[in-house]
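Below: one structure, written as structure tokens.
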Amino acid sequence: MSKNKIKIFQLTKDKKVKLHYKGPFVAQKRLLFIEIDEYFELLDKEEQKVTIWHEIYHRDKASGLRFLWRILKFRSKKKAIWEEEFEADKYSAIMCGKKNVLKSLNTSKKLYEKGIVEYNPKTHPKIEERIKRIKELRL
Ligand SMILES: [Zn+2]
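The sequence shown stops at residue 176 when you use our numbering, and every number in between is there.
Okay, structure coming up:
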């Protein structure tokens, strides 16, 4: 897939989202659209939906002010970022089920382990902790 290509993704029966191919991350939110890269294609359809709902949470539900509030609450920018990741995973689980989120997180874990995707503790909590939180989640 070449760079800067746009893909229309059917997220639900009546919801389509615009995805922009860029790298070097699996997916990332931007103000108006969601950027993805070729690793996105390594995910199955359900895992892709999980990823998109996760990014939609970042885009729509975690505004600048909420982020500031989180920094004040946790007194740490890193903790605030991590907490937003846990919330985005939880939102995905509400939208497409715990089972699919766990499957997607386990795929991410494999991508980290194989060195295909590099783990960055500044932007994401440990994948094991994300998996644990989803397992404990009661929906
Ligand atoms: Zn995220």
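Just so it is clear, CB atoms sit at the ideal spot from N, CA and C, and this is done for glycine as well.
Please list, following the chain, all residues that have a C-beta closer than 6 angstroms to any non-hydrogen atom of ligand 1. Counting only residues whose CB is nearer than 6 angstroms to a non-hydrogen atom of ligand 1, the list in chain order is 91, 95, 122 and 125.
At what residues does the alpha helix (DSSP H) containing residue 76 begin and finish? The count along the sequence shown starts at 1 and reaches residue 76 at position 39. Residue 76 -> no alpha helix (DSSP H), and no H or E assigned at all.
Sub-8 angstroms separation of residue 99 and residue 83 beta-carbons: Mapped onto the sequence shown, residue 99 falls at position 62. Mapped onto the sequence shown, residue 83 falls at position 46. Result no, Cβ atoms of residue 99 and residue 83 do not sit closer than 8 angstroms.
Should residue 88 be labelled buried (16 or more other beta-carbon atoms within 10 Å of its own) or exposed? On the sequence shown, position 51 is the one that residue 88 refers to. Burial is judged here by how many other beta carbons sit within 10 angstroms of a residue's own beta carbon; residue 88 has at least 16 and is buried.
For residue 163, the first and last residue of its enclosing beta strand (DSSP E): Along the sequence shown, one-based indexing puts residue 163 at 126. Secondary structure note for residue 163: it is in no beta strand (DSSP E), with a DSSP letter that is neither H nor E.
Look at the Cβ atom of residue 142, then the Cβ atom of residue 118, and state whether they are nearer than 8 angstroms. What you label residue 142 is simply residue 105 of the sequence shown in a count that begins at 1. What you label residue 118 is simply residue 81 of the sequence shown in a count that begins at 1. Cβ distance not < 8 angstroms, so residue 142 and residue 118 don't count as in contact.
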